[in-house]
Amino acid sequence: MEFVEWYPRGYGVGFKVRERLYSGRSAYQQIEVYQTEGFGRMLVIDGTVQLVEDGELSYHEPLVHPLLLAHPAPRRALVIGGGDGGTLREVLRHPEVERATMVEIDPEVLRVSAEYLDVDRGLLDELLAGRHARAELVVGSGSNYVAGKEAAFDVIAADSTDPVGPAAVLFSEPFYRGVYRALRPGGAYVTQAGSVYLFTGEFADAYQKMRRVFDRVWAFSFPVIGYASPWAFLVGGKGDYNFERVSLERAARLELTYYDPERHATLFQLPRGVRLQLGL
Ligand code: AG3
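Counting from 0, one number per residue, gives the positions in the sequence shown under numbering that gives the first Met the number 0.
Have a look at this one:
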């Protein structure tokens, strides 16, 4: 049996799968879990691959660690989306983080991830029971949550589905304004921004919108296992936040597998045509 995610223009990313372990419709989306032959279990939302267990770090590491390692003291952290728990798990590996909040809109993603996936069941169980020492869970809309906050977070990471569909609001200028307000001075925001090659227009669009809101914006890419790679990411900084310098001492303690802090500058490598399309 095979599972193929079809991107625009008939480009596919496929996995050999042994069986479908779960399939169900939540109030927001279609959720599926497959047992793949070579990469552990796979979470699929609305036909798009969210993660494979043996490869999810290739997404969660570049999403989280550069952002936090470039911040001198990331004490308060917010994760928007990320219901499988992988992003929050990586955020909590930083001892500087005193308190982290995760706002996930779909309780079914939390339940299915806790039951079927081995991303961090322990963390999800603790969050769902409300007994994690440093982290709390809010089930609700990330954009509504952010709209009510002012100078509350040092770092905010959005781990959403694609810039098309239900998550489109997380790529809008009003949302970015809310995020900017919710950041403390010197704080920063990161978001995944789709496939560099298949969603180049959305990537460039999100980049331009963020430039209208944040004091500085950085675009980077990373090859992610399971996605049509390279994958796009955007960082927006408030005040004097500088994404170009990361703490190597703090990085050394993380024992990273994919993101390489000693080669941080390689993150900014984009295909020339894409760089020009972004106006960089
Ligand atoms: N969230 C980003 C998923 C984007 C994948 N898009 C796609 N395959 N078309 C991943 C969730 C992992 N925590």
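Virtual Cβ for every residue (Gly too), placed ideally from N, Cα, C.
Cross-strand partners of residue i (DSSP beta bridge)
i       : result
Val-163 : DSSP lists no partner for Val-163.
Gly-221 : According to the sequence as given, residue 221 is Phe; it is not Gly. Phe-221 pairs with Trp-230.
Phe-2   : Phe-14
Tyr-33  : Arg-19 and Met-41
Thr-47  : Ile-44
Val-138 : Glu-103
Leu-77  : Thr-100 and Ile-155
Arg-211 : Arg-211 is not bridged to any residue.
Arg-310 : Shown here, the chain extends from 0 to 279; a query on residue 310 therefore has no answer.
Gly-340 : Residue 340 falls outside the range modelled here, since the chain spans only 0 to 279, and no answer is possible.
Ligand 1 heavy atom lying under 7 Å from the CB of residue i
i       : result
Ser-159 : yes
Asp-117 : no
Leu-169 : no
Pro-245 : The question names Pro, but residue 245 in the sequence shown is Val. For ligand 1, not one heavy atom lies less than 7 Å from the Cβ of Val-245.
Gln-207 : no
Leu-50  : yes
Thr-86  : yes
Gly-81  : yes
Tyr-258 : no
Tyr-196 : no
Glu-4   : yes
Gln-28  : no
Tyr-226 : yes
Thr-47  : yes
Tyr-10  : no
Gln-268 : no
Tyr-33  : no
Tyr-188 : no
Tyr-58  : yes
Gln-276 : no
Identity of the residue in the options nearest residue i by Cα
i       : options                               : result
Glu-89  : Glu-107, Val-118 and Pro-106          : Val-118
Ser-25  : Glu-107, Gly-225, Phe-152 and Leu-275 : Glu-107
Arg-19  : Tyr-196, Met-41 and Pro-270           : Met-41
Glu-60  : Gly-46, Leu-87 and Leu-77             : Leu-87
Glu-55  : Ala-166, Asp-158 and Arg-74           : Asp-158
Ala-181 : Lys-148, Arg-211 and Gly-193          : Lys-148
Asp-53  : Gly-37, His-64, Ser-246 and Pro-65    : Gly-37
Gly-85  : Val-154, Ser-57, His-70 and Val-168   : Ser-57
Gln-342 : Phe-232, Ala-227, Ala-72 and Asp-105  : No answer is possible for residue 342: the residues shown for the chain start at 0 and end at 279.
Leu-62  : Val-48, Ile-79, Arg-75 and Gly-46     : Ile-79
Gly-235 : Pro-162, Arg-130 and Arg-183          : Arg-183
Trp-217 : Pro-229, Glu-4 and Tyr-188            : Tyr-188
Leu-66  : Val-145, Ala-156, Tyr-10 and Leu-136  : Ala-156
Arg-271 : Tyr-226, Ser-220, Asn-143 and Phe-174 : Ser-220
Gly-186 : Pro-73, Gly-278, Val-223 and Leu-255  : Pro-73
Glu-254 : His-93, Phe-202 and Arg-210           : His-93
Asp-45  : Glu-125, Ala-151, Asp-161 and Gly-9   : Asp-161
Tyr-258 : Gly-200, Pro-222, Gly-238 and Val-102 : Pro-222
Tyr-240 : Thr-265, Asp-153 and Ala-76           : Asp-153
Arg-244 : Thr-256, Thr-265 and Arg-252          : Thr-265
Gly-39  : Ile-224, Leu-109 and Leu-91           : Ile-224
Residue range of the unbroken alpha helix (DSSP H) whose run includes residue i
i       : result
Val-63  : 56–68
Val-90  : 85–90
Gln-276 : 271–277
Glu-248 : 247–251
Which residue spans inside the segment 95–129 form an unbroken alpha helix (DSSP H) run of at least 4? 106–115 and 120–128
Ordered list of alpha helix (DSSP H) runs contained in the segment 140–201, each at least 4 residues: 141–146 and 172–181
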